[in-house]
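Numbering (the working numbering), first residue to last: 1337 to 1804. Glycine is no exception: its CB is placed at the ideal position from the N, C-alpha and C atoms. Model, not experiment: these values are computed from the prediction.
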Ligand code: DUC
Ligand code: ZN
Ligand code: ZN
């Protein structure tokens, strides 16, 4: 990939770039090379040696990677009576500190609203506040089934993926899943699924609460691994019958891994993500006293340490396509507002800022994945799978979204170290090695050695072109 001989380009000779990142260890999903990257007009214009630029950053001793892509975040998203605490500014600012340069969030349409109108509405706050580039998944809830003929149109408008829930108020029954998956599959879109068995969860919650089992300890015990796996297996088979591929969100445990492996052996086109919380945290956090046990409530729940270890083995064996976050934090007061029963606590945690470092430190640092696999899981495949055509690669012509990463930087995660607005982190106290030093988006330096330089609202809407 490195073009050592390049001495001029279409921008004229002698070659002079706006920015050169020199002497770095350039990690792509397929290669590791020492060299320079030349950036011109926001694009990667050359890869080579001894490139000259108006500004040169010496990246000797640093890793140089594509900007990380987080394909699963919920910013300023109303859920029940609360709205997730990070808005498009605080969330994307935190993302910049964490080395993420593109996100995919969600659109939910009201019953009488078209998908297009809902997308326009949701684009407005992102355009006003986001400091990095963003796209959206379109949600298909039970009230949206009469809108299925709008799928080709909304894909044209730039929403190429469709969120289907098997849990919560927006959950679809199997016949509804079949209809939605058939329509998305026919249009060539990518369905993404929250897979849990809602009926069983409701029954177990009711049973536990009736017995007085109301503390957060009972949250994972009301959402058993077996029924996350059952739901994942079921939706994969329904998608197969509907002629659609399917992407399983936030896989939390090895039972789901088994379902995915079985389906792939059957030839079914299934892809999957897991998230840092299922790789770094365990369910004993729910046994902490008071609000501390409530803070890490999320769904699917954190699992046992054995499950966590087995999930890492699956990551190492290449089962997962992407690592994203499901970033959806609520502040301490909201988490503490009603501790009378675990199902009253708003579900969701922050992970957006630590993802790239955590996957490096716990994955590459512990030799569970290679540097290229780290980049592939966090940058390249997320961009490719979700059709962010300009993102996820260090290649000539792509957007110059680049991270200069200090692999030696040792740090301890604390709320004060992070920019996320929740004011708490479930990763508190975890020691990590490796942290972004520069975050560059379309050639613009947004983070330089801890100093944030991005203008609010500079982020641009990106179409997710999942078809073909
Ligand atoms: N799970 C959560 O815990 N919060 C947001 C959405 C989800 O799937
Ligand atoms: Zn979900
Ligand atoms: Zn989610």
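Reduced DSSP category for residue i - H, G, I as helix; E, B as strand; rest coil
i, result
"residue 1503", "coil"
"residue 1401", "strand"
"residue 1754", "coil"
"residue 1440", "strand"
"residue 1610", "strand"
"residue 1544", "helix"
"residue 1799", "coil"
"residue 1621", "helix"
"residue 1696", "helix"
"residue 1642", "helix"
"residue 1526", "strand"
"residue 1741", "strand"
"residue 1592", "helix"
"residue 1451", "helix"
"residue 1424", "helix"
"residue 1344", "Annotation note: pLDDT 47 at residue 1344 (below 50); position unreliable, no value reported."
"residue 1635", "coil"
"residue 1379", "strand"
"residue 1414", "strand"
"residue 1339", "Residue placement at residue 1339 cannot be trusted, given a pLDDT of 39 that sits under 50; what the coordinates show is reported in the next sentence. Reduced to three states, the DSSP call for residue 1339 is coil."
"residue 1792", "coil"
"residue 1709", "helix"
"residue 1553", "coil"
"residue 1660", "coil"
"residue 1689", "coil"
Chain-order list of residues whose beta-carbon lies under 7 angstroms from that of residue i (same chain, five-residue window excluded)
i, result
"residue 1604", "1572 and 1576"
"residue 1555", "1622, 1633, 1637 and 1678"
"residue 1472", "1440, 1441, 1442, 1443, 1455, 1458 and 1495"
Within 9 angstroms, strictly: CB atoms of residue i and residue j
i, j, result
"residue 1631", "residue 1582", "no"
"residue 1651", "residue 1705", "yes"
"residue 1387", "residue 1353", "yes"
"residue 1435", "residue 1741", "yes"
"residue 1286", "residue 1411", "Given a span of 1337 to 1804 for the chain in the structure shown, any question on residue 1286 remains unanswerable."
"residue 1557", "residue 1549", "yes"
"residue 1615", "residue 1531", "no"
"residue 1723", "residue 1801", "yes"
"residue 1647", "residue 1590", "yes"
"residue 1561", "residue 1606", "no"
"residue 1494", "residue 1798", "yes"
"residue 1754", "residue 1433", "yes"
"residue 1744", "residue 1768", "no"
"residue 1586", "residue 1662", "yes"
"residue 1383", "residue 1362", "yes"
"residue 1774", "residue 1393", "yes"
"residue 1422", "residue 1756", "yes"
"residue 1491", "residue 1442", "no"
"residue 1523", "residue 1803", "yes"
"residue 1459", "residue 1793", "no"
"residue 1664", "residue 1467", "no"
"residue 1356", "residue 1397", "no"
"residue 1497", "residue 1525", "yes"
Residue interval of the alpha helix (DSSP H) (run including residue i)
i, result
"residue 1407", "Neither: residue 1407 is in no alpha helix (DSSP H) and is coded neither H nor E."
"residue 1717", "1717 to 1721"
"residue 1703", "Per DSSP, residue 1703 belongs to no alpha helix (DSSP H) and is neither H nor E."
"residue 1781", "Note, residue 1781: premise wrong, no alpha helix (DSSP H); beta strand (DSSP E) at 1780 to 1784."
"residue 1568", "1561 to 1578"
"residue 1628", "1627 to 1630"
"residue 1491", "1487 to 1492"
Near ligand 5: residue i beta-carbon under 8 angstroms from a heavy atom
i, result
"residue 1586", "No copy of ligand 5 occurs in the structure displayed; its ligands are ligand 1, ligand 2 and ligand 3 alone."
Residue interval of the beta strand (DSSP E) (run including residue i)
i, result
"residue 1392", "1389 to 1394"
"residue 1360", "1353 to 1363"
"residue 1749", "Note, residue 1749: premise wrong, no beta strand (DSSP E); not H, not E."
"residue 1372", "1368 to 1376"
"residue 1771", "1767 to 1777"
"residue 1582", "1582 to 1584"
"residue 1678", "No beta strand (DSSP E) contains residue 1678, which DSSP labels as neither H nor E."
"residue 1471", "1469 to 1475"
Cut-off 8 angstroms between Cβ atoms - residues of its own chain near residue i, not counting five sequence neighbours on either side
i, result
"residue 1574", "1510, 1513, 1514 and 1517"
"residue 1486", "1450, 1451 and 1452"
"residue 1655", "1593, 1596, 1597 and 1608"
Close beta carbons around residue i, own chain, < 6 angstroms, minus the five adjacent residues each side
i, result
"residue 1612", "1687, 1691 and 1694"
"residue 1796", "1469"
"residue 1565", "1591, 1592 and 1595"
"residue 1405", "1438, 1715, 1718, 1719, 1727 and 1728"
*asked:* Three or more C-beta pairs under 8 angstroms: does that hold for the stretch 1695 to 1702 against the stretch 1773 to 1786?
replied: no
_Across the stretch 1397 to 1417 and the stretch 1725 to 1733, are there enough close Cβ pairs to call them in contact, namely three or more that are closer than 8 angstroms?_
yes
*Check whether the stretch 1710 to 1719 touches the stretch 1682 to 1690, counting contact only when three or more Cβ pairs, one atom from each stretch, lie closer than 8 angstroms.*
no
_Any contact between the stretch 1493 to 1504 and the stretch 1520 to 1531? By contact I mean 3 or more CB pairs, one from each, below 8 angstroms._
yes
*Answer yes if the stretch 1661 to 1672 comes into contact with the stretch 1758 to 1775, meaning at least three C-beta pairs across the two stretches below 8 angstroms, and no otherwise.*
yes
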